[in-house]
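Asker: Structure in structure tokens, see below.
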Amino acid sequence: MTALQDKHEKEIKHILAKYPTDEKRSAVMPLLYIAQRKAGYVTKQDMLEIAELLSISTTEVASIVGFYTLYHDKSGGKYRIQVCNDLPCALRGSGQFLEELCENLGVQVGETSSDGILSVEAVMCLAACDKAPMFQVQSHSDISYHENQTVESALQTIEKWRAEETDK
Amino acid sequence: MSELVKNEAAQNMVTLTIDDHTMSVPEGTLVVDAARSIGLDIPVFCYHPKMEPVGMCRMCLVEIGTPMRDRTTSEPILEDDGSPKIQFFPNLMTGCTFRASEGMVVRGYTEKVTAARKEVLEFLLTSHPLDCPTCDKGGECPLQNLTMQFGDGESRFIYDEKMHSAKHVALGDLIFLDRERCIQCARCTRFQDEIVDDQVIGFSNRGRALEIVTFSDPGFDSYWSGNTTDICPVGALTTADFRFGARPWEMNASASICNHCAVGCNLTFNTRREVKSGGEKIIKRVMPRQNEAVNEIWICDKGRFAYHFTASDQRLNQPLIRKDGKLVPSSWELALDLVTSRFKNAGENLVTLAGGRLSNEDLFNLAELSAHLGGDALLYSDMAGGDLVSRLGVGEGTNFSDMGPETAILVVACNLEEEAPLWWLRIKQAAERGAKVIVANPRKTKLDRSAIHNLRYEYGQEAGLVTALLSAISPKQPKSPAFVNKLAKDKEVKAAAKALSEAENTVILFGSEGTSYAASAALAQACANLLIASGHIGRPNNGLIGVWDKGNAQGAWDMGLRPSEDLDAALKTSQAVYISAADPAGDSKQYASALKKADFVVVQELYMTATAELADVVLPAQAFTEREGTYTSGERRVQRFYPAVPSLPDLLPDFGITAEIAGRLGLELEKTAPASVMLQIAEVVPDYAELTYQKLAKVEKQFPLIGREDVYYGGTSYQNSQGLGVQLKPAAQNGDSPVLVITELPEVKLSGEELLAVPVTRLLDLGNTVTPSEVLVTRLAKPHVALHPQDAEKLGVEWGSKVKLILNGSTQTVLVEFDNSMPHGVVLVPRSLGIPIISPTPATIKVL
Ligand code: SF4
Ligand code: SF4
Ligand code: FES
Ligand code: FES
């Protein structure tokens, strides 16, 4: 029951040291980052461990994972491509962009490619409405924005990632 | 909040006007509460008077204005007619988060407000399934009621775009969630979080996709889960027991009292005639009934779900007599005549043994009959001190809700949430208001979270610990054993003693964690000494409370029954034994063999218990749901319960059966009307002198004003219209001045390899009154023991594994759990799980 702790002992200690002992619960966000970095999503086991480390309930940890869109409780692609299709972006053609991107990638919205490298999600406003169509990518521990996109430019970037991954 | 309304005298009052009604309320009262306090309604969904406001649902929008003042002079600006000029906020305000201030004007019925209500409802209904015809809440549903009152007949949203979600999600074994019906008010999650401190359900996701989740194991792991179904303003949360059981309007309501523990929560039984039950009236569900001095509007899951024993198909329905070694049906006449003649012969060698779930009336008649023959009337209990509680119990007018910083509360030898859940809740809330809670127990309990001092001692030292507290405040105590002196020097103990003695009010609750009868007697006396020495007796919110093992144990003490110090011997040497509502043979082989030796055993019961199996005559009694009576709680509040369902044919109430026997022995006892028994009790038992059934049925206005007409405010808990009961004055409040009695402290000795097995209490045990409720079965504790993980390691035992437990001459296979807060060398054995344990006892554990 201590897989997370065993693997990241030092880092966890370092994080916990930043909070008063009776306010350990505040460390939940950074601990969730660590957990997510491990597998690209937070496993139930991780939630149990974090709850125990912070003396809060597993349900509370799960609620936090559920609330934030950038924490995931299910496995997905190594690159999570999050296309905004909220109203302003939609007015600038993000709907069609998303559709064509998926067609080209052979992946449905909300699903992961068979090689496990990509998943495509439709999300709400990412505060770059004026640069639509746009998407955000969540990979490893990074998040990056890709604005003023066309299907071609997006595909190019994505192919580059794919190549990097297959080289590894 | 409503509590503020109650304490008006102490508060700064402000005057405000709501819809042309002018009223005075304490400053800071929320606008919705102010309105409710005079019966005006501002509809709410997320607000609940027992919780902090969150302003999430917007149902309570109203127009709010405050008197205008001149900016330069600060003088009020007046209208032409001289009345103050009111400036209204440009937008509607949430009445649940806005606090009353001087001169405020609230408008709850303007066009603007009504339009807003209509819109909020329309919005909530966009994702609502509208399956009222099959929804359990239909008929008592705030959303349905408010839609009828304010909503529009039609929605502008596209029906096909409704959000669809799972409809039968078992959050646990007791509670089901319909995700479509949830309106995201967070009442349930806040209740679990703020009120009962079990964060086992929470929100996941957001927006329309928001849903209630549970990640505890087992799901929704809380003793309080049923309450969420009362306060959920829609039919999203339902109990496994009641869902699809009946429509609210088809049911009758009858007032009752829970007798599972010493709190005495006020209940309402909802009943209905049913074809399924051959046209008989049966209980469909148990609801809390408001009594702000007892259970407020809550009950625990034991009280809510463990009622099926009263209607079990195992109920005895005719007298049985032993013939040729077998129990065979008999007529009442024959059975009673036989009992009478044997009791007559036994005379003073009759032993009467009664359980603490009987009513005062039953116990009184039993005690009278026993006294008539000169026999002993015994209470079947391993706890002592009921006599002390009647002398030094909490004063009349005691209410946990009134306790704050001026009060200290000591809870000793008690796992309060397991032994008396509602008291745990109310003391936790007192702690939140500033009461100084001190918990003394050998291991961690949930109440530790609320305590300012957690005192640990070894099992068996409970009386010593309390004596140490006493010596810390008044050092001139007679010579105490070394461990007491050592404890008295402990910093934490000293600090706790100081808090207890300096507090204006002090209440002590003692339980039965790890105690034998002798230890309980020493503990109760030590607690009494501490209260006497510190002058905390004879006043409201001061005194001693016994966390009894049975609902009416205090009543039994008051009626003159006493536990026996040596029940085994008492049974063996009797000529006749009259047992009612107790199952000693089921609890202990020793008692079983003692009963086998007894000449003649009569058992008056609901079903065939292990004890009844050994009887010569078995007399079937009515269940408490089929008759009237009274119980006395641990706070010495006498409360009435009423019949909910008709009796099984040909059965009598316990006091009636006893009166029949007594009559044949020439003693006239009341056999039909419990109210008349109460009149006799009033003549004989001084503390009960003033009581009548009429007085017990009195009610007064309670805050918050919850009501069945506007269930959106407080939930579906019932208003109390049939009696708040009467709290008795302890002798100390009537001028009795008790003195310290120093008793010898019991010591426990162990030898060699043995562990000390100590009895502890689990709420959901395998007792006779619990197991018949099938809905609870998966939630009941399995036969298990708890060890310190290090002891377990030494023994080579793993968590969850099976071991052989040898104690009191019996061997049993049990599961092992760990508790790393408990002392070493001890094995905790929960009572009523089929493991025979009555007092601390040496035990051995063998790995299988
Ligand atoms: S389940 Fe009921 S109480 Fe809980 S958030 Fe939903 S509507 Fe509110
Ligand atoms: S707290 Fe006690 S009296 Fe109240 S419902 Fe639970 S078991 Fe019954
Ligand atoms: S709507 Fe797409 S970024 Fe704002
Ligand atoms: S916002 Fe006031 S009741 Fe919900």
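Chains A and B, in that order, give the protein sequences.
The first sequence begins at 3 in the working numbering and counts up by one.
The second sequence begins at 1242 in the working numbering and counts up by one.
Where a beta carbon is used, it is the ideal one built from N, C-alpha and C, also for glycine.
In this text the structure is predicted, and so the values were computed from the model without any measurement.
Between the Cα of LEU1591(B) and those of LEU1663(B), ALA1839(B), ALA1692(B), spot the shortest distance and give me the residue it belongs to.
Answerer: ALA1839(B)
Asker: Taking DSSP as the reference, what is the three-state secondary structure of ALA1835(B)?
Answerer: helix
Asker: Use the C-beta contact count for HIS142(A): other C-beta atoms within 10 angstroms, 16 or more gives buried, fewer gives exposed.
Answerer: With fewer than 16 Cβ atoms within 10 Å of its Cβ, HIS142(A) is classed as exposed.
Asker: Below 7 Å CB to CB, which residues in the same chain sit around VAL2018(B) once its five sequence neighbours on both sides are set aside?
Answerer: none
Asker: Taking one C-beta from the stretch 1329-1339 of chain B and one from the stretch 1275-1291 of chain B each time, how about it: are there three or more such pairs within less than 8 Å?
Answerer: Yes, the stretch 1329-1339 of chain B is in contact with the stretch 1275-1291 of chain B.
Asker: Who are the near neighbours of ASN1248(B) in its chain, counting only those whose CB is closer than 8 Å to its CB and skipping five residues on each side?
Answerer: Residue placement at ASN1248(B) is flagged as unreliable, the pLDDT there being 49, under the threshold of 50; a coordinate-derived value is accordingly withheld.
Asker: Three or more beta-carbon pairs under 8 Å between the stretch 1847-1863 of chain B and the stretch 1551-1561 of chain B, yes or no?
Answerer: yes
Asker: Within the same chain, show all residues whose beta-carbon is closer than 8 Å to that of LEU1865(B), passing over the 5 residues directly before and after it, in chain order.
Answerer: One point to set straight first is that residue 1865(B) is Phe, not Leu, in the sequence displayed. Closer than 8 Å at Cβ, skipping near neighbours: SER1497, ASN1500, THR1551, ARG1598, SER1600, PHE1882.
Asker: Alpha carbon to alpha carbon, how far is SER2080(B) from VAL2044(B)? Give it in angstroms, no decimals.
Answerer: 21 Å
Asker: Scan the stretch 30-54 of chain A for residues whose Cβ lies nearer than 7 Å to a Cβ of chain B and list them as they occur along the chain.
Answerer: MET49
Asker: Contact check, GLN138(A) vs TYR147(A) under 8 Å by CB: the rounded distance?
Answerer: Their Cβ separation, rounded to whole angstroms, is 6 Å, which keeps GLN138(A) and TYR147(A) in contact under 8 Å.
Asker: Can you tell me whether PRO1317(B) is buried or exposed? The criterion is at least 16 other CB atoms within 10 Å of its CB, across all chains shown.
Answerer: So PRO1317(B) counts as exposed.
Asker: Please compile the residues from chain B whose C-beta is within a distance smaller than 8 Å of the C-beta of GLU62(A).
Answerer: GLN1440, GLY1443
Asker: Quick test of your reading: ILE1983(B) and LEU2036(B), contact by CB under 8 Å. State the CB separation rounded to the nearest angstrom.
Answerer: Rounded, the Cβ-Cβ distance is 40 Å, inconsistent with contact.
Asker: Applying the criterion that 16 or more other CB atoms from any shown protein chain within 10 Å of the CB defines a buried residue, is SER1466(B) buried or exposed?
Answerer: buried
Asker: So if I measure from each beta-carbon to every heavy atom of ligand 4 and keep distances below 6 Å, which residues remain?
Answerer: VAL1285(B), PHE1286(B), CYS1287(B), TYR1288(B), GLY1296(B), MET1297(B), CYS1298(B), ARG1299(B), MET1300(B), CYS1301(B), THR1335(B), CYS1337(B)
Asker: Can you name the residues of chain B whose CB is closer than 8 Å to the CB of ILE119(A)?
Answerer: Going along chain B, no residue has its Cβ under 8 Å from ILE119(A), so there is no contact; the nearest lies around 26 Å.
Asker: So for VAL1272(B), helix, strand or coil by DSSP?
Answerer: helix
Asker: Near ligand 3, which residues have their beta-carbon less than 5 Å from any of its heavy atoms, given in chain order?
Answerer: CYS86(A), ASP88(A), PRO90(A), CYS91(A), CYS127(A), LEU128(A), ALA130(A), CYS131(A)
Asker: Under 8 Å between the Cβ atoms of LYS1791(B) and GLY1596(B)?
Answerer: yes
Asker: Should GLU1452(B) and SER1445(B) be called a contact, given that it needs their Cβ atoms to be closer than 8 Å?
Answerer: Here GLU1452(B) is near SER1445(B), since their CB atoms are less than 8 Å apart.
Asker: Between the stretch 1299-1310 of chain B and the stretch 1340-1352 of chain B, can you find at least three pairs of beta-carbon atoms closer than 8 Å?
Answerer: yes
Asker: When you measure from the CB of ILE1540(B) to every non-hydrogen atom of ligand 2, does any distance come out below 7 Å?
Answerer: yes
Asker: Name the chain C residues whose beta carbon is nearer than 7 Å to that of SER1457(B)?
Answerer: No chain C is part of this structure, whose protein chains are labelled A and B.
Asker: At a threshold of 7 Å, does CYS1376(B) count as lining ligand 1 (C-beta to nearest heavy atom)?
Answerer: no
Asker: So, is LEU1245(B) buried or exposed, given that buried needs 16 or more other C-beta atoms within 10 angstroms?
Answerer: At LEU1245(B) the pLDDT is 44, less than 50, meaning the model places this residue with poor confidence; the figure from the coordinates comes in the next sentence. By the neighbour-count rule (16 or more Cβ atoms within 10 Å), LEU1245(B) is buried.
Asker: Find the residues of chain A that neighbour VAL1454(B), judging by a C-beta separation of less than 9 Å, and give them in chain order.
Answerer: THR61, ALA64, SER65, GLY68
Asker: Would the beta-carbon of CYS1506(B) be found less than 7 Å away from any heavy atom of ligand 2?
Answerer: Yes.
Asker: Using 8 Å as the Cβ pair cut-off and three pairs as the minimum, do the stretch 1574-1586 of chain B and the stretch 1896-1915 of chain B touch?
Answerer: yes
Asker: Between ALA1534(B) and the rest of its own chain, which residues show a CB-CB distance below 6 Å, the 5 nearest in sequence each way excluded?
Answerer: ASN1640
Asker: Around the C-beta of LEU1508(B), are 16 or more other C-beta atoms found within 10 angstroms, so that it is buried, or is it exposed?
Answerer: With 16 or more neighbouring CB atoms inside 10 Å of its own CB, LEU1508(B) falls in the buried class.
Asker: Alpha carbon to alpha carbon, how far is GLY1705(B) from ALA1763(B)? Give it in angstroms, no decimals.
Answerer: 9 Å
Asker: Should SER1243(B) go down as buried or exposed, given a rule of 16 or more other Cβ atoms within 10 Å for buried?
Answerer: For SER1243(B), the predicted model reports a pLDDT of 42, less than 50, meaning its position is unreliable; a value from the coordinates is still stated below. With 16 or more Cβ atoms within 10 Å of its Cβ, SER1243(B) is classed as buried.
Asker: Would you be able to state if there are at least three C-beta pairs under 8 Å between the stretch 1663-1676 of chain B and the stretch 1631-1639 of chain B?
Answerer: no
Asker: In the DSSP output, what is GLN138(A) paired with across the bridge?
Answerer: Beta-bridge annotation (DSSP): GLN138(A) is paired with GLN84(A), TYR147(A).
Asker: Kindly list the residues whose CB is nearer than 6 Å to the CB of SER2062(B), restricted to its own chain and excluding five residues on each side of it in sequence; keep chain order.
Answerer: Counting only Cβ-Cβ distances below 6 Å, and skipping sequence neighbours, we find ARG1684, LYS1685.
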